[in-house]
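Numbering (the numbering used here), first residue to last: 2 to 157.
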């Protein structure tokens, strides 16, 4: 059995495993899950067990309006399931109920340098700054902070 998709208008249907990037695969999964949810199955009802859905690279190759639409779909799914999403786009991140940051650091151990990865939940203030950083890069500006505050307020 093969699952066929066309990733761009006018393109022929092809096997998903041959043409879809990681981001496209995540968006296909989001579309399938959203379709299943709107059909009334999974995660609802008295004895239903909520699913945990993980989306990585869902933001690859998109931005602006498309990213906002993806963020809205993820937010909708999160009403009945736990949704974990790794994103680099503020248009998606601002929809989250909780925001975490993943940090890597180098530490000397014995005679070798090792990379350590940590994850931490951001406070509301840190979250605003992180969204602003996503908007403007390494240097935060008053404009990017105000824009981040506006984006977060609009999604609350």
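Backbone N, C-alpha and C define an ideal beta-carbon position, used for all residues, glycine too.
Everything numeric in this text was worked out from a predicted model, so none of it was measured.
Opposing strand residues paired with residue i [DSSP bridges]
i           : result
residue 57  : 87
residue 15  : 6
residue 107 : 116
residue 102 : 121
Reference residue i; option with closest CA among the options
i           : options            : result
residue 156 : 77, 56, 27 and 32  : 77
residue 73  : 98, 127 and 7      : 98
residue 19  : 7, 28 and 133      : 7
residue 178 : 27, 105 and 14     : The question about residue 178 has no answer, for the chain in this structure spans 2 to 157.
residue 22  : 11, 58, 34 and 133 : 58
Boundaries of the alpha helix (DSSP H) in which residue i is found, first to last residue
i           : result
residue 144 : 143-156
residue 52  : Premise fails: residue 52 is in no alpha helix (DSSP H) and is neither H nor E.
residue 77  : 65-78
Any chain C beta carbon closer than 9 Å to residue i
i           : result
residue 123 : Structure shown: chain C not included; a single protein chain is present.
Endpoints, the beta strand (DSSP E) within which residue i is located
i           : result
residue 114 : 113-122
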